[in-house]
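Colleague: Before I ask anything, here is the structure I am working with.
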Amino acid sequence: MAKITVNGEVQEVQSGISLTELIKQNNVEQPEMVSVQLNDDFVDRTEWDSLEIKEGDTVDFLYFMGGGQELDDWTITPLDNRRIIKS
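One point on numbering: in my numbering, the residue at position 1 of the sequence shown is 1, and numbering is uninterrupted.
Written out as C-alpha cells, the structure reads:
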C-alpha cells in the first residue's frame, strides 16, 4: 500500500496503481474533462495508463471553467514551463 494525497486528502492506494485506475477509484466525474496534476506537474492524458502512482505522491484533479469574460480579456502567461491562464 502507498499513502498519497488526492485533492488535499490523504489516501491509501495499492502500490503501483495507474493514474487511470486512481481516477476510477475516486469516481472522478467527467474524466474526459479533467486535467491532472501529479506533484505540481500537469500529466498528459496519453500517459495516464502507464504512469504509476508512488508513495508520497500528490495528485490533484482539476476542472477548468470559464465564464463571465470575453476570451479577448484573457492572457496566457508562461510560468515554470507551464501555461497558466489568467483573467
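Every residue gets a Cβ at the ideal spot worked out from N, C-alpha and C, and that includes glycine.
For residue 81, collect the residues of the same chain with a Cβ closer than 8 Å to its Cβ; drop the 5 residues on either side in sequence, then sort them by chain order.
Modeller: Any answer about residue 81 is weak, because its pLDDT of 48 lies below 50 and its placement is not dependable; what the coordinates show is given next. Closer than 8 Å at the Cβ level, and outside the excluded window around residue 81, lies no residue.
Colleague: Do three or more CB pairs link the stretch 53-62 to the stretch 12-22 at distances below 8 Å?
Modeller: yes
Colleague: Within the stretch 10-64, note down every full alpha helix (DSSP H) run reaching 4 residues or more, in order along the chain.
Modeller: 19-25
Colleague: From residue 28 to residue 1, what does the alpha carbon distance come to, in whole angstroms?
Modeller: So the alpha carbons of these two residues sit roughly 21 Å apart.
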